[in-house]
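Protein chains in written order, with my numbering: chain A, 1 to 357; chain B, 1 to 481. Ideal Cβ positions, reconstructed from N, Cα and C, are used throughout, including at glycine.
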Amino acid sequence: MGRDDRIKYKGWITYGLLVVFTVLAMVAVFNYKVDSIGIFHTDKGLFFIASSLFKGKMVAGPINYNEGEFQRVIVENSPGPIDMVVVGSSRGMGVRKRFLRTEKSFFNHSMTAATLEDLMAIIGLYLAKGRLPRTIILCLDPWMFKEKNNLTKWQSIVPYYKKILVEIYGKDIEINLNRRSKYQELINLEYTLANIKAVKKKKSKKLYITETMEVNDFVREPDGSVHFSRGTRREKSEGTQPLAQLGVRGLEHYSKDFYAIMNQRLFEDFVIYLRKQGSEVILYLHPIEPIAYERIKEKYSIMMEIENYLHHFASNQNVLLLGSYDPKKYNFVSSDFFDYLHGDEIVAKRIFEGHQL
Amino acid sequence: MLFNSYAFIFCFLPFVFIVYFFLNRKKLTLAAKIWLTLSSFFFYGYWNPIYLPLVAGSILFNYGIGSALLKFRKNSPLLIIGIIGNLGLLIYFKYMDFFITGLNTLTDFNLSLLHIVLPIGISFFTFTQIAYLVDTYKESAQEYSLINYALFVTFFPHLLAGPIIHHKEIMPQFDYRRNKVLNYRHIAQGLSLFSLGLFKKVIIADTLATWANNGFDYATTLTFCEAWATSLSFTLQLYFDFSGYTDMALGSSLLFNIKLPFNFNSPYKALSVQDFWRRWHITLSRFMRDYVYIPLGGNRVSEPHILFNLLLTFLLIGLWHGAGWTFVVWGLLHGCALILGRVWKKTHVNFPRLLSWFLTFNFVNAAWVFFRARTFTDATKVLTGMCGMNGMVLPEKLSHTLSGLREWGVEFGLSLKNIEGDIKTPLMIIVFLLLSFLYKNSDEWVAGVRPNFLNLVIFCTVILSSILYLSPYSEYLYFRF
């Protein structure tokens, strides 16, 4: 290669890398600044939601904010002690204080796609504050007993998960989390597109106080429970059958490579620890839409095994277990669900009614 | 560490590259080699350091046998010990559960499975070292330095998924004086090849993976269109995934002025199954030819013996890819096709090129079904769908134009619903098929990379789109072999 060629190639490489890194830097700065779901900055909107809920108001708006961070804000800023909590995935979001017929102070901490470790992290928040709730309702999904969950939602509360592990096992635990760093979102196409969309709409963080649930947004009640957006709930009117068909695929996605119950020891040690601390533990199994359930149980008997295991564990430990993945046990029909995983108001209501908690 | 990870692209590769050439510039060539070796160990252990001692032990064992072979020339027992040692390791980690399952099926032993986690890259570094021992025995390779030997085995671009290299084609390159200084043409070509590989993996293979996975793993039944979309998606996914990985390996190696052997030469342009194996995973075919087929007698034995050797070689190729009966069937299918091709050749009847290509491609595509399916039930599901035995559903939009087909049992509606496909699915399959049939192979493309504006635009577009699209959980299909 001659001297001229060397200079040409060198220039080409320099320009190429310069362009690539300049564009990536611009994208990163844009994503950091816009940060439409509050990955890099504690969202002021979270304080708005928390303070509104504490004042007894309902807050509506999108739910795609950092839910882990939101739970932290709630626990750290709650004006008084919270005696009863629900921790679970979106399937637990519909458990409301009024269904439980309780006088205790109550908050529903359910988060989208929560894992068992998420549930523990939220209890870890209370531990850090110095007082565990007296009653803890664990809304358990079958997938919480599957190894290698995608632990993507709870990054900001990881230290609290570690904290509770230390309390349970008495030593620092090395956690190997196979998940991406939040800084990778700086140059992530999906997040860039979401931010562009947010800038276009200029209303990505539109949160507002509402008096009614009949709005086309997610509504959070003062007890932390959530009403799904009207649009989502209306899908039901298009027919539950196709939704259930779709649901089978969704459930299969969750159930892929799911052949054995994992996380068993972690779960049991967690419950035993809570009870030793004087907290009452209630296990809640939210049903699956009937058509989807029938289809999935043919292929993944593990669902039934998990339910059997939980019943066995609850009876051995003298723990109250409410609900069932099997919708027939409470006579639910397809129209009681607005999609394959989530029941309407009636589902949690019927399961909890008659129980004085 | 994955090539398609931020850690590799932004930290590991630039850092190792800078330090390596800095040390060489200071004339610390041994330190540069040690640096590259240690970096390669770090690269291997980054994901799961538990198997680092295994790789190190394997290197020490083979280096010891190799050194003894250099001392006691043509010593067959030593070579046999070396090969048994390597194969033993491979069998223990990869095939024990397969054998135990087989034994339990045939007998009443009811032995428990060991559930051994397969160390990543074991098939590749074991074969590389077997090749070294055989070459040393034949006196076509010699290595007296442990550092050089460790670098030869662990050099990170080829460590996890090949290409399978020979000592004599790689190690002299580390000693060429001109390879110890920055070569801007190699850097430009290396970066271009790496970006092309990343694009193939991230944009093409991972997109196709959705439909292939849905079809093979989740759907309970597949109609004609769904089954073809499933099999073609996988056929293309596998090619773009593995050749993309190889491009990244070759590209990152070229940055260090080391040319690794090419592994692909547009395999789906093949006109026969024999031709396909000259274009697909070339270094594996070369290994099997040189170290299995030829030692078995090659083409020097009687015709029935040749045919048997062919079948045996492809049975082993199938088993190399995985400890399962579906892989055995896949290997045997290719073996049978090669035998058929050999017998047909003797008739001196030649098919037109287009027909030869069509038959070859469809055979390869159908055989991949066994390669991908986890069970024979899954394979049957896809193949019966491809034969139209589960009916045919065409897009609703065609219901007016092709309404006559209803008489033949064709339905109209969501034609790809079981694999969650839409209009993008056939379009992308067609585009990627055309790319693999008509476009230049990577080596041809890179050889033509000149430092001009057009190539700069292509490079920047390809690398930027790939980096922005990067998913942290996407593994390479060939890692599991």
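Cβ neighbour criterion (16 or more within 10 Å) applied to residue i
i, result
"Met389 (chain B)", "exposed"
"Thr326 (chain B)", "buried"
"Ser112 (chain B)", "exposed"
"Trp12 (chain A)", "buried"
"Leu228 (chain B)", "Before going on, a small fix: residue 228 (chain B) reads as Trp here, not Leu. Its Cβ being crowded by 16 or more others within 10 Å, Trp228 (chain B) is buried."
"His41 (chain A)", "exposed"
"Cys11 (chain B)", "exposed"
"Ser76 (chain B)", "exposed"
"Gly56 (chain A)", "exposed"
"Lys182 (chain A)", "exposed"
"Gln129 (chain B)", "buried"
"Val431 (chain B)", "exposed"
"Lys33 (chain A)", "exposed"
"Trp344 (chain B)", "exposed"
"Gly335 (chain B)", "buried"
Residue i - DSSP class collapsed to helix/strand/coil
i, result
"Ser334 (chain B)", "Per the sequence shown, residue 334 (chain B) should be read as His rather than Ser. Helix, per DSSP."
"Leu177 (chain A)", "Reliability of the predicted coordinates at Leu177 (chain A) is poor, the pLDDT of 45 falling under 50, and the value obtained from them is presented with this limitation in mind. Of the three classes helix, strand and coil, the one that applies to Leu177 (chain A) here is coil, per DSSP."
"Thr112 (chain A)", "coil"
"Ile18 (chain B)", "helix"
"Val34 (chain A)", "helix"
"Ile7 (chain A)", "helix"
"Ala366 (chain B)", "helix"
"Phe3 (chain B)", "coil"
"Thr14 (chain A)", "helix"
"Tyr161 (chain A)", "helix"
"Ala270 (chain B)", "coil"
"Cys460 (chain B)", "helix"
"Asn150 (chain A)", "Confidence in Asn150 (chain A) is poor, its pLDDT being 46 and thus under 50, which makes the residue's placement unreliable; the coordinate value appears in the next sentence. Coil."
"Pro395 (chain B)", "strand"
"Phe337 (chain A)", "strand"
"Leu321 (chain A)", "strand"
"Phe47 (chain A)", "helix"
"His400 (chain B)", "coil"
"Met248 (chain B)", "helix"
"Arg220 (chain A)", "strand"
"Gly124 (chain A)", "helix"
"Val349 (chain B)", "coil"
"Ile137 (chain A)", "strand"
"Gly343 (chain A)", "strand"
Close-in-space but distant-in-sequence residues of the same chain around residue i (CB under 7 angstroms, 5 per side omitted)
i, result
"Lys297 (chain A)", "Met303, Met304"
"Gln71 (chain A)", "His109, Met111, Ile122, Leu125, Ile157"
"Gln356 (chain A)", "Arg101"
"Gly80 (chain A)", "Ser105"
"Ala379 (chain B)", "Thr326, Val369, Phe370, Ala373"
Spatial neighbours of residue i in its chain, beta-carbon cut-off 8 angstroms, leaving aside the 5 residues before and after
i, result
"Thr360 (chain B)", "Ala270, Leu271, Ser272, Val273, Asp275, Phe276"
"Gly409 (chain B)", "Gly391, Met392"
"Leu69 (chain B)", "Asn75, Leu78, Leu79, Gly82, Leu133, Thr136, Tyr137"
"Leu274 (chain A)", "Ile123, Leu132, Ile136, Val281"
"Val301 (chain B)", "Asn309"
Test: residue i CB closer than 7 angstroms to a CB of chain E
i, result
"Leu189 (chain A)", "Reference to chain E is not applicable here, since the protein chains of this structure are A and B."
Residues of its chain near residue i, where Cβ-Cβ distance is below 6 angstroms and the 5 sequence neighbours each way are ignored
i, result
"Ser204 (chain A)", "Its pLDDT being 49, under 50, Ser204 (chain A) is placed unreliably by the model, and nothing is read from it."
"His227 (chain A)", "Met213, Val219"
"Gly121 (chain B)", "Leu159, Leu160"
"Thr235 (chain B)", "Asn365, Trp368"
"Gln237 (chain B)", "Ala205, Leu208, Ala209, Ala212"
"Phe3 (chain B)", "Met248"
"Tyr149 (chain B)", "Tyr63, Glu143"
"Thr29 (chain B)", "none"
"Glu238 (chain A)", "Only weak support is given to the placement of Glu238 (chain A): the predicted model assigns it a pLDDT of 48, under 50, and the question is left unresolved by the model."
Closer than 6 angstroms: residue i CB and nearest the ligand COA heavy atom
i, result
"Ser78 (chain A)", "With respect to the ligand COA, the structure shown offers nothing to examine, as it has no ligands at all."
Contact list for the region 172-186 of chain B against chain A, Cβ threshold 8 angstroms: So the list reads Asn183, Tyr184, Arg185, given in the order they occur along the chain.
Chain B contacts made by the region 1-13 of chain A, where a contact means CB separation under 8 angstroms: Against chain B - using a Cβ distance shorter than 8 angstroms - the residues of the region 1-13 of chain A are Met1, Asp5, Arg6, Lys8, Tyr9, Lys10, Gly11, Trp12, Ile13.
Three CB pairs or more closer than 8 angstroms across the region 190-204 of chain B and the region 245-261 of chain B: By the Cβ criterion, the region 190-204 of chain B is in contact with the region 245-261 of chain B, since at least three pairs of Cβ atoms, one from each stretch, lie closer than 8 angstroms.
Under 7 angstroms (Cβ pairs) to chain A, residues found in the region 446-462 of chain B: Flagged, chain order: Pro451, Leu456, Phe459, Cys460.
Residues from the region 191-222 of chain A in contact with chain B, defined by Cβ distance under 9 angstroms: Among the residues of the region 191-222 of chain A, those with a Cβ less than 9 angstroms away from any Cβ of chain B are Thr192, in the order of the chain.
Selection of the region 66-91 of chain B by Cβ proximity to chain A, strictly under 7 angstroms: Listed by position, the residues of the region 66-91 of chain B near chain A (Cβ gap below 7 angstroms) amount to none.
Validate contact between the region 217-231 of chain B and the region 405-422 of chain B using beta carbons, cut 8 angstroms, 3 pairs: Taking 8 angstroms as the limit for Cβ pairs, the verdict is that the region 405-422 of chain B does touch the region 217-231 of chain B.
Stretch pair the region 457-466 of chain B + the region 19-32 of chain A: three plus CB contacts closer than 8 angstroms: Yes, the region 457-466 of chain B is in contact with the region 19-32 of chain A.
Contacting positions in the region 286-303 of chain A - beta carbon closer than 7 angstroms to chain B: Here the close residues number zero.
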